[in-house]
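Let me begin by presenting the structure, written as structure tokens, before commenting on it.
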Amino acid sequence: MTLDAAVAPLDVDPLLDDPETRIIVCCGSGGVGKTTTAAALGLRAAERGRKVVVLTIDPARRLAQSMGIDSLDNTPRQVKGVEGSGELHAMMLDMKRTFDEIVEAHADADRARAILENPFYQSLSAGFAGTQEYMAMEKLGQLRARDGWDLIVVDTPPSRSALDFLDAPKRLGSFLDGKFIRVLMAPAKVGGRAGMKFLNVGMSMMTGTLGKLLGGQFLRDVQTFVAAMDTMFGGFRTRADATYRLLQAPGTAFLVVAAPERDALREAAYFVERLAAEEMPLAGLVLNRVHGSGAARLSAERARAAAENLEEGRIVDQQGGKAVDRGADAPDSSSPAAFEAHEAPQAPASAGATASSEPSQPSESSESTDPPEPSDPSATRSTRAPASMPAPTSAASATTVEQLTAGLLRLHAERMQVVAREERTRDRFTALHPEVPVAEVGALPGDVHDLAGLRAIGDRLAAGRAAT
Amino acid sequence: MSRLQVVSGKGGTGKTTVAAALALALATEGKRTLLVEVEGRQGIAQLFETEALPYEERKIAVASGGGEVHALAIDAERALLDYLQMFYKLGSAGRALKKIGAIDFATTIAPGVRDVLLTGKACEAVRRRDKQGRFVYDYVVMDAPPTGRITRFLNVNDEVAGLARIGPIHNQAQAVMRVLKSPETAVHLVTLLEEMPVQETADGIAELKAAGLRIGNVIVNMVRPHLLDEAAVRAAAGDRRKEVAKALASTGVAAPTKLVGPLLDQAAEHAQRVELEREQRAVLTKLGLPTYELPLIGEGMDLAGLYRLAGDLRQLGEAFA
Ligand SMILES: Nc1ncnc2c1ncn2[C@@H]1O[C@H](COP(=O)(O)OP(=O)(O)OP(=O)(O)O)[C@@H](O)[C@H]1O
Ligand SMILES: Nc1ncnc2c1ncn2[C@@H]1O[C@H](COP(=O)(O)OP(=O)(O)O)[C@@H](O)[C@H]1O
Ligand SMILES: [Mg+2]
Ligand SMILES: [Mg+2]
Chain A
1 MTLDAAVAPL DVDPLLDDPE TRIIVCCGSG GVGKTTTAAA LGLRAAERGR
51 KVVVLTIDPA RRLAQSMGID SLDNTPRQVK GVEGSGELHA MMLDMKRTFD
101 EIVEAHADAD RARAILENPF YQSLSAGFAG TQEYMAMEKL GQLRARDGWD
151 LIVVDTPPSR SALDFLDAPK RLGSFLDGKF IRVLMAPAKV GGRAGMKFLN
201 VGMSMMTGTL GKLLGGQFLR DVQTFVAAMD TMFGGFRTRA DATYRLLQAP
251 GTAFLVVAAP ERDALREAAY FVERLAAEEM PLAGLVLNRV HGSGAARLSA
301 ERARAAAENL EEGRIVDQQG GKAVDRGADA PDSSSPAAFE AHEAPQAPAS
351 AGATASSEPS QPSESSESTD PPEPSDPSAT RSTRAPASMP APTSAASATT
401 VEQLTAGLLR LHAERMQVVA REERTRDRFT ALHPEVPVAE VGALPGDVHD
451 LAGLRAIGDR LAAGRAAT
Chain B
1001 MSRLQVVSGK GGTGKTTVAA ALALALATEG KRTLLVEVEG RQGIAQLFET
1051 EALPYEERKI AVASGGGEVH ALAIDAERAL LDYLQMFYKL GSAGRALKKI
1101 GAIDFATTIA PGVRDVLLTG KACEAVRRRD KQGRFVYDYV VMDAPPTGRI
1151 TRFLNVNDEV AGLARIGPIH NQAQAVMRVL KSPETAVHLV TLLEEMPVQE
1201 TADGIAELKA AGLRIGNVIV NMVRPHLLDE AAVRAAAGDR RKEVAKALAS
1251 TGVAAPTKLV GPLLDQAAEH AQRVELEREQ RAVLTKLGLP TYELPLIGEG
1301 MDLAGLYRLA GDLRQLGEAF A
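These protein sequence lines map, in sequence, to chains A and B.
For the first sequence, the numbering used here assigns the number 1 to the initial residue and increments by one for each residue that follows.
For the second sequence, the numbering used here assigns the number 1001 to the initial residue and increments by one for each residue that follows.
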């Protein structure tokens, strides 16, 4: 897959090398490769000489292990095995611990204990959808305040929507020091203010109703929690606001990560628009797990037709040749299904079956574009009689070259279908947002779970084009 | 077969798609299913290519043999207001509560309250009967939150009954739990044959079991066809290159010798992926749960693809918990 000239390529290396770049935020919807991209960028920046910290959230277990950050102690650890003069530190966010630490840092020991033991606090800090986003922001603020790194790369939580990352902190923040909490705490204070009389009237009815609904104990837990947290509330809002401003600062760069799929790119488009609205600096789109093909000039249709051609040739031969062998072979070897879902080779090597496929094709199907080389008849015969020559493995010799080639062609047809679908999806995005620079990262055949894999992703990111 | 079918799985593995296909598959021969979503994302409307669903049950598809699929996007705020209206006749006071942030508090911040409201609505649909006393819906299929949150979501008893120890929300939580922990309910987990989703499935199953929730099936989604085995690929990359070039030439494709390299590279990737998938299948097998596979729809998902998946699920048939 190649990008149209119209779409600006995203140059990752200048971004990583620029000393002015202090924060890179990788965002996008779940499962698209945010964590992988964040870690790969961090490693690449470190190996290009910068002192980097990567804040990961929910990394794949093996990736965390390979970086030595699976211990969950909520502080950055230096990653071993990094080449070059820079340093890579990495950590995995523990949201409950981060929340606890804020409480411990801002309240005296007795009050801290009261808060930490409060049932409402416990379920809020462990599980409220949004706490993770909020704590990621808190941690980013902390890392930045320590000022020990040239560059901070931040991963974002696996939200249901990419926008949660921006919205959840505000939501939790506005609860924690918002109107409602004040009302719960000190209705008189609120009611005393001009224009808020009606709240006062509704107030007792409301706490009454909520109390009835949720049970009095629940409200009392909330009230105790709020009382204990009281002096901290302003702090939450202040810090959340500060982090928000940090995200708008010139040293920050957002990278939106997306898979070349409809839903992921739709989310990416929303996010691009939202970042613009919030005046947050977007560096570009990383299109991850893109497929390409080195044989792209052979279309899916032609590949499929050629595969059928080879498979048909084979039945014709078998029927004309040794019918008995066909029974021993897979009975449906003429259909594509025969190539699917078979772990084991289909039949034991049979000289009859392989030899019978020798006169391979009806000649009218060969078009004139062929180079002369494959028409050498002696080569054809000798390689097609595995029984008479040492085969690499007995398993392999059971697959005729026609089956094998047809399989390769079907695989290619499938690949080209994927390539075409991904291109259509990508084009829809670039038509909507031609101003957004794009880097494509090819799909590796396996998972990315060690530094070597991260380096490979980093190389692809920097190249900006999907490897074929 | 359980009447409440909950579909969870790692994000992006196909929960919404599988839930919709399952609702279609169960709606055969005059049966009626209700497909509910709980995350306010309008995933069902997108999938069925209709306008956004209101907070109201409506028919969105007919299945073979006259069955019907109805859909409902449950909205926690609306569910709470309805609830307050029903029990307290709040009327316009509901709006005041909303203004002050109390409704927002109860549905988004107060942990678990939102979940009770959402699961409560689904359980109500499961138990609802018409005037003749028959169930209104034969099955309710829920497009549920992802694996990481599913146990908390369903285990409202611990979450809420623990916090709200008395009162209607507490009672509601108890009633909901009676349905969710009975054989009436089965939780299915959708996964891909990749490391992270499989790991999350294994973790999710352990959590669900610990909470006493019943697990139905593991559904492996987007399974790609296995076109060539590793031995064949190895042979091709070894000393059969020339033969392959010749076979390609015989089909009439242009410049066949130049295609051999790239085709073999693709085959090698394929073989590597097949090997990884084999490892992940082995992990899934160890979980000891009934496991079903649904194919990747190569052209991308649309209504035709959805009906195809429904057909596949129907064929998997009776065995489905
Ligand atoms: N069998 C399939 N073949 C092809 N594409 C599929 C298949 N199943 C799902 N998809 C596609 O994969 C993407 C994710 O599916 P879906 O939205 O159902 O996942 P989800 O688990 O509900 O995601 P989320 O966690 O975001 O709610 C969609 O684009 C969908 O069309
Ligand atoms: N380009 C890629 N090629 C192959 N696998 C990838 C690629 N990018 C990500 N992955 C794999 O996809 C899975 C999800 O990636 P992850 O970075 O954890 O996503 P997110 O953080 O967006 O949820 C991981 O197993 C990872 O190894
Ligand atoms: Mg992640
Ligand atoms: Mg969904």
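Note that beta-carbon positions come from the ideal geometry of N, C-alpha and C, so glycine has one too.
Source: prediction; values computed, not measured.
Simplified DSSP assignment, three categories, for residue 242/A: In the three-state reduction of the DSSP assignment, residue 242/A falls in the helix class, which pools H, G and I.
For residue 92/A, three-class secondary structure by DSSP: Strand, per DSSP.
Amino acids of chain B, ordered along the chain, whose beta-carbon sits closer than 7 Å to that of residue 295/A: Per Cβ cutoff of 7 Å: 1259, 1262, 1263.
Delimiting residues of the alpha helix (DSSP H) encompassing residue 458/A: For residue 458/A, the enclosing alpha helix (DSSP H) has its first and last residue at 451-463.
Members of the segment 1006-1017 of chain B that neighbour chain A once the beta carbon cut-off is set at 9 Å: Within the segment 1006-1017 of chain B, those residues whose Cβ lies closer than 9 Å to any Cβ of chain A are, in chain order, 1010, 1011, 1012, 1013.
Whole-angstrom distance between residue 222/A and residue 120/A, CA atom to CA atom: Approximately 6 Å between the Cα atoms of the pair.
Short CB-CB distance (under 9 Å) between residue 1142/B and chain A: So, not an interface residue.
DSSP-derived helix/strand/coil call for residue 80/A: Residue 80/A falls in the coil class under three-state DSSP.
Where residue 152/A falls, given that 16 or more other Cβ within 10 Å makes a residue buried: Answer is buried; the Cβ neighbour count reaches 16.
Buried versus exposed call for residue 1285/B [16 or more other C-beta atoms within 10 Å across all chains shown]: Exposed, because fewer than 16 other Cβ atoms sit within 10 Å of the Cβ of residue 1285/B.
Between the CA atoms of residue 410/A and residue 1232/B - distance to the nearest angstrom: Whole-angstrom Cα-Cα distance: 14 Å.
Short CB-CB distance (under 9 Å) between residue 241/A and chain B: No, residue 241/A does not count as interfacial toward chain B.
Spatial neighbours of residue 1297/B in its chain, beta-carbon cut-off 6 Å, leaving aside the 5 residues before and after: Counting only Cβ-Cβ distances below 6 Å, and skipping sequence neighbours, we find 1305.
Identified DSSP bridge partners for residue 1140/B: According to DSSP, residue 1140/B bridges with 1004/B, 1034/B.
Whole runs of the beta strand (DSSP E) within the segment 1177-1203 of chain B, excluding any shorter than 3 residues: Secondary structure within the segment 1177-1203 of chain B: the beta strand (DSSP E) runs of 3 or more consecutive residues, fully enclosed, are 1185-1191 (chain order).
Closer than 9 Å to chain B by CB, residue 454/A: So no, residue 454/A is outside the interface.
Segment contact, 8 Å Cβ cut-off, at least three pairs: the segment 1042-1051 of chain B with the segment 1236-1250 of chain B: The segment 1042-1051 of chain B, when compared against the segment 1236-1250 of chain B, does not touch it at the 8 Å Cβ threshold.
Residue 1237/B vs residue 1259/B beta-carbon contact at 9 Å: By the CB criterion at 9 Å, residue 1237/B and residue 1259/B fall outside the cutoff.
Separation of residue 70/A from residue 448/A, as counted between CA atoms: Taking the straight line from one Cα to the other gives about 16 Å.
Minimum length 4: unbroken alpha helix (DSSP H) runs contained in the segment 1210-1277 of chain B: Qualifying alpha helix (DSSP H) stretches, in chain order: 1230-1237, 1241-1251.
Distance, residue 290/A Cα to residue 260/A Cα: Spanning the two alpha carbons is a distance of roughly 6 Å.
Cβ contact (3+ pairs, closer than 8 Å) linking the segment 19-26 of chain A and the segment 441-460 of chain A: No: the two stretches stay apart, fewer than three of their Cβ pairs being nearer than 8 Å.
Nearest-residue set for ligand 3, Cβ under 6 Å from any heavy atom: One residue list follows from the rule of a beta carbon closer than 6 Å to any heavy atom of ligand 3, given in chain order as 34/A, 35/A, 57/A, 58/A, 155/A, 158/A.
Assigned exposure category for residue 1303/B - 16 Cβ within 10 Å defines buried: So residue 1303/B ends up on the exposed side.
Status (buried if at least 16 other CB within 10 Å, exposed otherwise) for residue 1131/B: Exposed, because fewer than 16 other Cβ atoms sit within 10 Å of the Cβ of residue 1131/B.
Residue 1039/B: CB within 8 Å of a non-hydrogen atom of ligand 4: Yes, the Cβ of residue 1039/B comes within 8 Å of a heavy atom of ligand 4.
Residue 1266/B: contacting residues in chain A (beta-carbon distance under 7 Å): Going along chain A in sequence order, the residues near residue 1266/B (Cβ under 7 Å) are 293, 411, 412, 415.
Per-residue contacts from residue 1001/B into chain A (C-beta, under 8 Å): By Cβ distance, chain A contributes nothing, its closest Cβ being about 27 Å from residue 1001/B, past 8 Å.
CA-to-CA distance, residue 130/A to residue 1134/B, given in whole angstroms: CA-CA distance, residue 1134/B to residue 130/A, rounds to 41 Å.
Segment contact flag, the segment 300-309 of chain A with the segment 274-290 of chain A, C-beta cutoff 8 Å, min 3 pairs: With the cut-off at 8 Å, the segment 300-309 of chain A and the segment 274-290 of chain A do not touch.
With 16 other Cβ atoms within 10 Å as the buried cut-off, status of residue 1146/B: Per the 10 Å Cβ criterion, buried.
Alpha-carbon to alpha-carbon, residue 46/A and residue 1137/B: The alpha-carbon atoms of residue 1137/B and residue 46/A are separated by roughly 58 Å.
Any chain B beta carbon closer than 9 Å to residue 262/A: For residue 262/A, the nearest beta carbon of chain B is closer than 9 Å to its own beta carbon.
Residue from 253/A, 73/A, 265/A with nearest C-alpha to residue 155/A: Checking every option, the nearest Cα to that of residue 155/A belongs to 253/A.
Where the segment 28-43 of chain A meets chain B: residues whose CB sits under 7 Å from a CB there: From the segment 28-43 of chain A, only 30, 31 have a Cβ closer than 7 Å to chain B.
Proximity test, residue 229/A beta-carbon vs ligand 1 heavy atom, cut-off 8 Å: Residue 229/A: no, Cβ never under 8 Å from ligand 1.
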